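Working notes for the structure below.
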Amino acid sequence: NAGVTQTPKFQVLKTGQSMTLQCAQDMNHNSMYWYRQDPGMGLRLIYYSASEGTTDKGEVPNGYNVSRLNKREFSLRLESAAPSQTSVYFCASSVVLYTEAFFGQGTRLTVV
Amino acid sequence: TQLLEQSPQFLSIQEGENLTVYCNSSSVFSSLQWYRQEPGEGPVLLVTVVTGGEVKKLKRLTFQFGDARKDSSLHITAAQPGDTGLYLCAGETDSWGKLQFGAGTQVVVTP
Chain R
5 NAGVTQTPKF
15 QVLKTGQSMT
25 LQCAQDMNHN
35 SMYWYRQDPG
45 MGLRLIYYSA
55 SEGTTDKGEV
65 PNGYNVSRLN
75 KREFSLRLES
85 AAPSQTSVYF
95 CASSVVLYTE
105 AFFGQGTRLT
115 VV
Chain Z
3 TQLLEQSPQF
13 LSIQEGENLT
23 VYCNSSSVFS
33 SLQWYRQEPG
43 EGPVLLVTVV
53 TGGEVKKLKR
63 LTFQFGDARK
73 DSSLHITAAQ
83 PGDTGLYLCA
93 GETDSWGKLQ
103 FGAGTQVVVT
113 P
């Protein structure tokens, strides 16, 4: 079973460039999330989608946008990358909001 | 300021030893989850606790939820190198309205 698939796994961007991180789950989950993980900070919620057709801001949404394309897919867009956005990004999904979450393998993003 | 504190931040032990990591908050949790994350991977759920005083066992791992539902601990008996990883707790409270993760405890078990 694929579970939660994120692409790409690694990315280097120059300041000001844009990119979209893709995420897809094959578990028929209703809720999906984007987190960033920085040393000593734990996982911080960027945006989430409680169900298809809805998205909401999390703890650190500034500089990001999201799209819940359908029940399976939830993308994260950086419109103008900044060095402060250097981080490891994780997509996750769960049956309903805040229950057991299944995570992707992460995207390691470096902004130079 | 972390809403959910984990301690210690780092733990290095020899194979066969026991260890305990802690997760604390000033808020009452509706539920609390424990995850383990290995290098280069996403976190994987180990257990969810919901009832105050609850104890759950997963092979050599024992999870306790405090009676007041403000704290939790994870105890590993006879640790093995395969237990190496970042242990994260995540809690939900009525006031937070979201699942909050702690910063994690990095555990290293050497042969």
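As given, the protein sequences belong to chains R and Z, one line each in that order.
Following this note's numbering from start to finish, the first sequence increments by one per residue and tops out at 116.
Following this note's numbering from start to finish, the second sequence increments by one per residue and tops out at 113.
Built from N, CA and C at the ideal position, the CB exists for glycine as well.
Computed from a predicted model, the values in this text were never measured in an experiment.
- In the structure shown, Gln8/Z falls within a strand segment according to DSSP collapsed to helix, strand and coil.
- Only residues of its own chain outside the window of five on either side were considered, and among them Arg81, Leu82, Glu83, Ser84 and Ala85 have a CB closer than 8 Å to the CB of Ser22/R, listed in chain order.
- Interface criterion not met: the Cβ of Gly87/Z is under 7 Å from no Cβ in chain R.
- The C-alpha of Pro45/Z is placed about 15 Å away from the C-alpha of Gly84/Z.
- In terms of beta-carbon proximity, Phe14/R stays away from the interface with chain Z, with every pair separated by 7 Å or more.
- At least one CB of chain R lies nearer than 7 Å to the CB of Pro45/Z.
- Partner residues in a beta bridge of Ile50/R, as assigned by DSSP, do not exist.
- Using a CB distance below 7 Å, the part of the stretch 91-104 of chain Z facing chain R consists of Glu94, Lys100, Leu101, Phe103 and Gly104, ordered along the chain.
- Non-local C-beta neighbours of Asn32/R in its own chain, meaning closer than 8 Å and more than five positions away in sequence, comprise Lys75, ordered along the chain.
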